[in-house]
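K.L.:
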Amino acid sequence: MAGSETTATTMEWVMLELIRNPTVLEKVQREVREALGKTETMLVSEEKMTTSTMSYFQMVIKETLWLHPPGPLLLPRENREKCQEMGYEVPAKMTVMVNAWVIGRDSKYWEDPEEFKSERFDKLPA
1 MAGSETTATT MEWVMLELIR NPTVLEKVQR EVREALGKTE TMLVSEEKMT
51 TSTMSYFQMV IKETLWLHPP GPLLLPRENR EKCQEMGYEV PAKMTVMVNA
101 WVIGRDSKYW EDPEEFKSER FDKLPA
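Per full-length UniProt numbering: the sequence shown = residues 1 to 126.
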């Protein structure tokens, strides 16, 4: 799944969500300006961009990846033995694919799963 296309697509989704959510955009702009300070150049070290001083921006990226996964179907897996899952019998050596997009929109587990909430993962471990 790694590659330039998934990165570009993710950045497009980030920009779309920031445009849709002006207050989130303002918070991100403020945080980036504070983290970078006054620089004469647009070149910034990766270390400066990934430090905890940009925690809100990281939450925005996590929420974007959760709402718009670049690979909605996770890699196929093969189960080792026969099992029961949600009332279905799954034979041994069956190829199984997990749909991350659907899991992220299950209102049984997520509050307002269709809404962009940048603070959704604030209290969850990284």
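A virtual CB, placed ideally from N, CA and C, is assigned to each residue, including glycine.
Name the residue from Asn21, Glu34 and Pro70 whose alpha carbon lies nearest to the alpha carbon of Ala8.
P.N.:
The residue given as residue 8 occupies position 8 in the sequence shown. It is Pro70 whose Cα lies nearest to the Cα of Ala8.
K.L.:
Residues in the same chain with beta-carbon distance under 6 Å from Cys83, minus the five sequence neighbours each way, listed in chain order, please.
P.N.:
Sequence index remark: in the sequence shown, residue 83 carries index 83 (1-based). Correct list, in chain order: Val90.
K.L.:
List the DSSP bridge partners of Asn99.
P.N.:
Residue numbering aside, residue 99 sits at position 99 when the sequence shown is read from its first letter. Asn99 is bridged to Leu73.
K.L.:
In whole angstroms, give me the CA-to-CA distance for Arg80 and Thr95.
P.N.:
Working through the sequence shown from its first residue, we reach residue 80 at position 80. Working through the sequence shown from its first residue, we reach residue 95 at position 95. Roughly 10 Å between the two C-alpha positions.
K.L.:
Taking buried to mean at least 16 other C-beta atoms within 10 Å of its own C-beta, is Thr23 buried or exposed?
P.N.:
As a position in the sequence shown, residue 23 is number 23, starting the count at 1. The residue is exposed, with fewer than 16 neighbouring Cβ atoms inside 10 Å.
K.L.:
Let's see if you can read the secondary structure: which residues bound the beta strand (DSSP E) around Glu34?
P.N.:
One-based indexing of the sequence shown puts residue 34 at position 34. No beta strand (DSSP E) holds Glu34; the alpha helix (DSSP H) holding it covers Pro22 to Leu36.
K.L.:
Grab me the residues of Met59's own chain with a C-beta within less than 8 Å of its C-beta, minus the 5 sequence neighbours each way, in chain order.
P.N.:
For the purposes of this step, residue 59 is taken as residue 59 along the sequence shown, with counting starting at 1. The residues are Ser118, Glu119, Arg120, Phe121 and Asp122.
K.L.:
Which residues in the same chain as Thr6 place their Cβ atom closer than 6 Å to its Cβ, once the five residues preceding and following it in sequence are excluded?
P.N.:
Translated into positions along the sequence shown, residue 6 becomes position 6. Once the five neighbours on either side are set aside, the close Cβ partners of Thr6 are Pro70.
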